[in-house]
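Colleague: Submitted below is the structure of interest, expressed as structure tokens.
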Amino acid sequence: MPEYGALKDKFGDYCLFDEPAANFTTYQAGGKAEALVKPGSREDLEWLSGWCRAASVPLRVLGRGSNVLVSDRGLPGVTALTERLSKIEISCNTITAQVGVSWDALARLSVEHGLAGLEKTSGIPGSVGGALRMNAGAFGQEAFDRLENIDGFSVSGSPVRLEKKNMTYGYRRADGLDGLIMVSAGFVFAPGDPAVLLQDRSFILAAREAKQPLDYPSAGSVFKRPQGDFASRLIDAAGLKGLKVGGAEVSSKHAGFIINVGGATAADIYALMREVRARVKEKSGVELELEQILLGEF
Ligand SMILES: Cc1cc2nc3c(=O)[nH]c(=O)nc-3n(C[C@H](O)[C@H](O)[C@H](O)COP(=O)(O)OP(=O)(O)OC[C@H]3O[C@@H](n4cnc5c(N)ncnc54)[C@H](O)[C@@H]3O)c2cc1C
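Under the numbering used here, the residues of the sequence shown are numbered 560 to 857, in order.
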């Protein structure tokens with residue numbers, strides 16, 4: 560085990576050891592992070608990255624852990640959570656947000672200021688960084704729609720600025736972000752009527768509540784939408800609603816979600832993912848592609 564004393568000295572209570580993934584992922588399942596650090600500024604994150612580089616310790620950066628499944632064997636090295644990188648500024652039709660701002664706070668602020676283009680992404684429970692990494696989206700809008708640029712630094716510590724116009728991205732995909740630690744992003748909006756945008760937002764939040772099993776821990780849709788169809792429709796058609804492995808269950812409310820109904824291990828969830836994939840393939844011939852990210856050894 561590396562000598563982590565310097566991290567504890569630097570981050571104090573914001574540095575935890577052997578922290579269960581239940582405490583930093585929305586599945587509330589999986590093993591322990593060897594060291595979990597919550598940097599409070601860009602400088603802190605750069606310092607942490609430099610320290611990990613010098614000590615040859617792996618570093619991974621997470622937002623709200625709402626699109627990941629952490630192995631029961633845990634995460635070696637340092638896991639940085641961005642929740643304290645939470646500055647957000649608005650100027651005319653532009654919003655600049657640090658990566659730890661909750662995506663929904665960005666959506667809400669834009670709506671309140673009559674800035675159109677992200678209102679339909681209201682309620683996505685991730686961070687700005689995680690939403691950009693996944694190009695998260697809903698109801699026909701996605702994170703990249705209003706993006707202008709991303710600021711961050713490379714694993715070697717060099718500052719990087721990416722302009723959206725030079726990037727390629729698509730459905731739940733943003734290329735060229737591997738190895739980049741994102742710190743903040745700029746968004747540019749079209750003008751809209753705040754009353755209409757607020758109405759759209761309320762409608763979307765209500766639709767999420769009605770359709771999604773928000774009472775249970777999950778990480779949202781397990782699989783990407785296959786061409787011309789919906790993963791949830793295929794899973795339902797294969798008769799898999801309610802299928803269980805240990806504490807993991809295919810939601811009866813939304814077949815696209817696997818929920819933790821109590822005490823699920825990552826192995827339970829992973830086994831259920833595989834079972835669902837196999838049975839959908841058998842029934843419909845469609846190979847579902849995982850949207851969620853597996854972290855650690857599976
Ligand atoms: C109830 C529920 C509903 C959901 N609904 C939707 C939906 O409608 N649409 C949708 O697209 N998704 C949805 N999701 C999934 C998830 O919320 C999104 O994918 C979200 O954008 C992930 O953000 P996060 O901060 O949790 O990312 P994390 O899960 O923490 O991380 C995801 C990836 O981003 C990387 N990352 C995060 N921050 C940084 C950074 N600063 N620098 C570099 N890499 C970084 C991580 O390393 C990881 O690879 C839902 C999830 C839940 C639980």
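Where a beta carbon is used, it is the ideal one built from N, C-alpha and C, also for glycine.
Are the CB atoms of Leu628 and Gln851 nearer to each other than 8 Å?
Modeller: Contact flag set, yes.
Colleague: So which of Lys842, Leu604, Val747, Leu831 has the shortest CA-CA distance to Ala702?
Modeller: Comparing Cα-Cα distances from Ala702 to each of Lys842, Leu604, Val747, Leu831, the minimum goes to Val747.
Colleague: Is Cys651 buried or exposed, if buried means 16 or more other CB atoms sit within 10 Å of its CB?
Modeller: It is exposed - the Cβ of Cys651 has fewer than 16 other Cβ atoms within 10 Å.
Colleague: Report yes if the CB atom of Lys842 is closer than 8 Å to the CB atom of Ala796, and no otherwise.
Modeller: Contact flag set, yes.
Colleague: Assuming Val660 contacts Gly711 (C-beta within less than 8 Å), just tell me the rounded distance between them.
Modeller: Actually they do not touch by this definition, with Cβ atoms about 15 Å apart.
Colleague: Counting Cβ pairs closer than 8 Å, one from the region 764–781 and one from the region 815–826, do we hit at least three?
Modeller: As far as the Cβ criterion goes, the region 764–781 touches the region 815–826, which means the pair count is three or higher.
Colleague: Mark Leu849 as exposed unless 16 or more other C-beta atoms lie within 10 angstroms of its C-beta, in which case mark it buried.
Modeller: Label assigned to Leu849: exposed.
Colleague: Give the DSSP bridge partners of Gln657, in chain order.
Modeller: In the DSSP output, where bridge partners are listed per residue, Gln657 has Ser743.
Colleague: Just the Cα atoms here: how many angstroms apart are Asn626 and Ala565?
Modeller: Those two C-alpha atoms are separated by around 30 Å.
Colleague: With distances taken between CB atoms, is the gap from Thr641 to Gly745 smaller than 8 Å?
Modeller: Going by C-beta atoms, Thr641 is not nearer than 8 Å to Gly745.
Colleague: According to the neighbour-count rule (16 or more other Cβ atoms, all chains shown, within 10 Å of its Cβ), is Ser615 buried or exposed?
Modeller: Exposed: under 16 other Cβ atoms inside 10 Å.
Colleague: Assuming Gly518 and Ser811 make a contact with CB atoms under 8 Å, what is their CB distance in whole Å?
Modeller: Residue 518 lies beyond the range of the chain shown here (560 to 857); nothing can be said about it.
Colleague: So, helix, strand or coil for Arg836, using DSSP?
Modeller: Of the three classes helix, strand and coil, the one that applies to Arg836 here is helix, per DSSP.
Colleague: Any chance the region 592–608 sits against the region 568–581, with 3 or more Cβ pairs inside 8 Å?
Modeller: Yes, they touch.
Colleague: Using only alpha-carbon positions, find the residue among Gly729, Ala826, Ala675, Leu764 that is nearest to Leu853.
Modeller: Selected option, being the one with the closest Cα: Ala826.
Colleague: Kindly list the residues whose CB is nearer than 6 Å to the CB of Gly688, restricted to its own chain and excluding five residues on each side of it in sequence; keep chain order.
Modeller: Hits under 6 Å: Gly622, Thr641, Val658, Met741.
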